[in-house]
Amino acid sequence: MTKSSAPGKIILFGEHAVVYGRPALAVPVTEVQANVDVSESARKGVWIGAPDVNLSAELNVLPSDHPIASVIHNFLFLARVTSFPNLEIKITSTIPVASGLGSGAAVTVALTRALASHLKHPMNDEEVNAFAYEIEKLHHGTPSGIDNTVVTYARPVYFIKGQSIETFKVSKPFMIVIADTGISAPTKESVGDVRRLWMHDRSRWETIFDKIGEVSFTARRALEAGKPELLGELMNENHELLQKLTVSSQELDHLVETARRAGALGAKLSGGGRGGNMIAFVEPERAQAVSFSLLEAGAKNTIITQVS
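Using the numbering used here, read the sequence shown as starting at 26 and increasing by one per residue.
Take a look at the structure:
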């Protein structure tokens, strides 16, 4: 049996402004992960079991654009496998689906690595990342590439649209608490609303994007310099700017304020907004208390993760 895993991811700074050419930061979330086991099968065909999404089927009965089937088909083509092997593939994940934590990219990366190892088709991180990005494009059109890069390298990423994605080193570990509002909010809608605002008054919103970009740049420098304590105020500033962009919500603001009152040094929404997740920067000794307060305040679930 061949095993592989890949972590989740969360955006720290720069959402929405990244669409307009400003930098964004994202980091791996190692407390949750996708896991893949590949083994030889006594049955003919490629059998896939993914209990988290109620999937149990042979590859060829799935549509070719199915998220898991597309990874396998494209990998077999890439590896020039002419006759399908007989395989049992088991996929499990602790990453919440459609929550901005990179669930799809993590499954793709873990599955790609497991298949590459089992079928004796070696792939380095760069090749895995490039392959995962192509899969992301199949399902998301024009993705930024942040998800697959953070997940593949399990390292923080600094991204500017149209430029090569950079990984960078965090000189001193820090801790964040992630809380899910439990509200589904398609990123496409909030991105569209921001675009309408921008088209109506470009000068005003470009100024906001500039400020968010400065926050992201400053945050990267702080992390590289071993000064994560600066993240709290930067998160607070970033959240206020996102509120001005109208992408926060009553629920997100409530959880952000709850985290701060419980002792977080800073907090903000993460991702598209209007729902989904918020994050809080905490000192390790306050992490459990902040997590408990967020759950008491209505968060669907929380994740405490150390970034290093």
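Glycine residues also receive a C-beta, built at the ideal position from the N, C-alpha and C atoms.
Report, in whole angstroms, the separation of the C-beta atoms of residue i and residue j, which I expect to be a contact under 8 angstroms.
i	j	result
threonine 137	valine 153	6 angstroms
valine 52	valine 332	5 angstroms
valine 57	leucine 126	7 angstroms
Which class does residue i belong to by DSSP, given the choice of helix, strand or coil?
i	result
proline 53	strand
glycine 46	coil
lysine 236	helix
lysine 325	coil
threonine 177	helix
proline 93	The displayed chain sequence assigns isoleucine, not proline, to residue 93. In this structure, isoleucine 93 counts as helix in the three-state DSSP scheme.
alanine 82	strand
proline 147	coil
glycine 291	strand
serine 316	helix
threonine 117	strand
Could you tell me which of the options sits nearest to residue i, measuring between CA atoms?
i	options	result
threonine 258	Lys115, Ile304, Arg299 and Thr133	Just to set this straight, residue 258 is glutamate in the shown sequence, not threonine. It is Ile304 whose Cα lies nearest to the Cα of glutamate 258.
valine 240	Arg220, Asn261, Ser318 and Val216	Asn261
valine 106	Leu140, Thr212 and Gly166	Leu140
isoleucine 116	Gly74, Phe156, Leu101 and Gly127	Gly74
glutamine 188	Arg227, Val43 and Ile329	Val43
serine 215	Trp230, Ile190, Lys325 and Gly297	Gly297
proline 198	Thr330, His41, Gly33 and Ala31	Thr330
isoleucine 160	Ile35, Gly300 and Val134	Val134
glutamate 310	Ala287, Gly323 and Arg299	Ala287
glutamine 313	Lys213, Ile201, Glu191 and Ser228	Ile201
glycine 33	Pro121, Leu101 and Ser95	Pro121
With 16 as the cutoff for other CB atoms within 10 Å, does residue i come out buried or exposed?
i	result
serine 118	buried
threonine 167	exposed
valine 78	exposed
phenylalanine 184	buried
isoleucine 93	buried
glutamate 276	buried
valine 176	buried
message: For the pair the stretch 244-260 and the stretch 62-74, tell me if three or more CB-CB distances fall below 8 angstroms.
response: These segments do not touch.
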